[in-house]
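J.:
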Amino acid sequence: MARRDQFTGDLFLVPQPEHPTPGGANYSTEIANLVARMLKACPADRWDVAAQMSRLSGDDVSKNSLDAWAAASRADHNVPFYRVPLFEEVVSSTALTDWLVAKRGGQVAYGRDALNGQLGRLVAAKKQVEAQIKQLQALIGEGEV
């Protein structure tokens with residue numbers, strides 16, 4: 000009987016998009032809780048985060064806005080989508096991007112990991128082409144008598 004490795008069970012699972020049930024796709028509380036965790040993990044306080052976002056965007060982003068984005072009780076005040084890239088930059092996190100991509104059945108690779116993924120795809124494609132070339136050469140060689 001084969002033993003199952005309990006530590007790497009989901010290592011090779013293919014990510015699948017979430018298919019919510021009717022009424023089950025309101026993610027406002029989930030997003031607010033994620034924003035709250037991101038703010039808590041950030042070494043800068045909310046005043047500094049708001050100031051940095053204001054300076055970089057040229058718009059007024061207040062601490063009160065951050066508080067509202069992070070409050071599950073204020074579901075109608077989630078972080079606006081157009082603010083997510085700047086928010087992630089300022090708090091040094093990609094948690095919202097990762098969350099969204101995972102909801103859609105994907106995984107994100109950043110920096111060198113993205114390049115390694117592309118390199119791996121190209122190496123696999125090269126091996127496949129080389130195998131096809133060998134098959135064709137074998138067929139051509141068989142025809143010669």
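Each residue of the sequence shown is one higher than the last, beginning at 0 in numbering that gives the first Met the number 0. Note that beta-carbon positions come from the ideal geometry of N, C-alpha and C, so glycine has one too. Bear in mind that the values here come from a model prediction, so they are computed numbers and not experimental data.
#1: Where does the unbroken alpha helix (DSSP H) through E17 begin, and where does it stop?
#2: Would you check if the distance between the CB atom of M37 and the CB atom of V89 is smaller than 7 Å?
#3: In its own chain, which residues sit with a C-beta less than 6 Å from the C-beta of P16, not counting the 5 before and 5 after it?
#4: Looking only at C-alpha atoms, which of S64, I139 and N32 sits nearest to A94?
#5: Which same chain residues, not among the five before or five after T28, have their C-beta less than 6 Å away from its C-beta?
#6: For the alpha helix (DSSP H) containing T93, list its first residue and its last residue.
#7: Answer yes if the region 39-46 comes into contact with the region 58-74, meaning at least three C-beta pairs across the two stretches below 8 Å, and no otherwise.
#8: Assuming the contact rule is C-beta atoms closer than 8 Å, T78 and V122 should be a hit. Round their C-beta distance to whole Å, please.
#9: Out of V13, V48 and A137, which one is the CA nearest neighbour of S91?
#10: Measure the C-alpha to C-alpha separation of A50 and S61 and round it to an integer number of angstroms.
#11: Which class does D112 belong to by DSSP, given the choice of helix, strand or coil?
#12: To the nearest angstrom, how far is the alpha carbon of R120 from that of K133?
T.: Based on what the coordinates show:
#1: Careful: E17 lies outside any alpha helix (DSSP H) and carries neither H nor E.
#2: no
#3: So the qualifying residues of the chain are R103 and G104.
#4: It is N32.
#5: A71.
#6: No residue range can be given for T93, since it is assigned to no alpha helix (DSSP H) and is classified by DSSP as neither H nor E.
#7: yes
#8: Sequence inspection shows Val at residue 78; the Thr mentioned does not correspond to that position. 39 Å between Cβ atoms; not a contact.
#9: Closest by alpha carbon: V48.
#10: 7 Å
#11: helix
#12: 20 Å
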